[in-house]
Amino acid sequence: MTKPSTYWMKKLLPGIVIAMLYSPLIATAKPLPLLINEKIHNLEAILSHAARKHDNEAEFARIHHMLEEAEVALKAEDTATAEKLYSEAWEAYQAAVKTAQAQDHKENREKRVAAKTASVKALLKQIEEIDKGEEGKKSEQIENVKSLLAQAEAAEDPAKALTLANQAYYMMKILVKDVRHGKTLTLDRTSATPAQKYADETAYNDMHFGLLDVALEKLHAEADAEYNNLVNNAKELRHHAEEAAEHNDFESAMSSLALSTREIKKALKHIGLAVPGL
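The sequence shown runs 0 to 277 under numbering that gives the first Met the number 0.
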């Protein structure tokens, strides 16, 4: 047999070496166990993050135990059991997160109801004082607001409670427009807790928002670009305040509310309303 030429040996040798190096790996590779192993570790990482966000320790611990069992099965090369346990853990995780999100949503609504009713109550107290001097002309409307507040506080469904609180709030805005007649509503800022002070500041902010439409109407003014920009700034700051309050950061919330009210005052002044303090 003729020996291969040096030229062909040089050409073929790298290919032969590569084939010898990688053929054992190709023969013994098991991509499925590696894939399920990655999925298990990914879900463990997600689970760890979710457990810090949601208050459902028992369920997340149960899911974590299922993943540990899946890893044991995987080490025993029982891929089918590992896959089954992983699937069960994934479904349980999704269900737990949905439950936690629903609870978070319910709690957020309850906070919004509490903030809205506190705001209405703070402003209602001031309007009742003014109405006393006017021989109770608005007593029927005031009682309607109180009735809506009572229904909101008694409602077990947060969505219904929020609807009732919003109705009370909008009725309160109408009352603010009717009873002002040049009077200045002031808020008691000696409240004992940050939450109560926030409620007072919210009521004060609501009062100024309530003046926007009536000022445009009474002054026959146009909502130009500058006016809209100021109002939009006020709304954005109000949104920041509500987000901060949801996290019990009342100091930031009140700061944002104060800035929001100032923007509204600027908007009112821009359309020709005399605004104290500007």
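Just so it is clear, CB atoms sit at the ideal spot from N, CA and C, and this is done for glycine as well. Remember, it's a predicted structure, so these values are computed and weren't measured experimentally.
Alpha carbon of residue i to alpha carbon of residue j, nearest angstrom
i	j	result
L84	H48	20 Å
N231	S118	21 Å
E82	A69	7 Å
K29	E43	Confidence at K29 is low in this model, with a pLDDT of 47, below 50, so its placement is unreliable and the value that follows should be read with caution. The alpha-carbon atoms of K29 and E43 are separated by roughly 22 Å.
K264	E155	38 Å
T80	A60	20 Å
E216	V96	48 Å
A158	E67	40 Å
L161	D205	17 Å
A57	D77	27 Å
L34	Q102	34 Å
K74	M65	14 Å
L236	N36	47 Å
L229	I126	27 Å
K38	T98	23 Å
A302	E87	With the chain covering 0 to 277 only, the question about residue 302 has no answer from this structure.
L148	H40	50 Å
I62	E245	29 Å
K110	L272	34 Å
I45	D248	27 Å
A222	I270	8 Å
M170	K234	20 Å
A90	Q100	Sequence inspection shows Glu at residue 90; the Ala mentioned does not correspond to that position. So the alpha carbons of these two residues sit roughly 15 Å apart.
A151	N165	9 Å
A257	A153	31 Å
L267	Y168	21 Å
L123	A94	43 Å
S251	A72	51 Å
T183	E262	Confidence at T183 is low in this model, with a pLDDT of 44, below 50, so its placement is unreliable and no value can be given for it.
Unbroken alpha helix (DSSP H) run spanning residue i, endpoints
i	result
H246	Unbroken run through H246: none, as it is neither H nor E.
N204	193-218
A153	138-153
Simplified DSSP assignment, three categories, for residue i
i	result
L73	helix
I270	coil
N55	coil
A224	helix
D156	coil
T260	helix
Three or more C-beta pairs under 8 Å: does that hold for the segment 200-214 against the segment 111-118?
yes
Does the segment 229-243 come close enough to the segment 89-109 that 3 or more CB-CB pairs lie under 8 Å?
no
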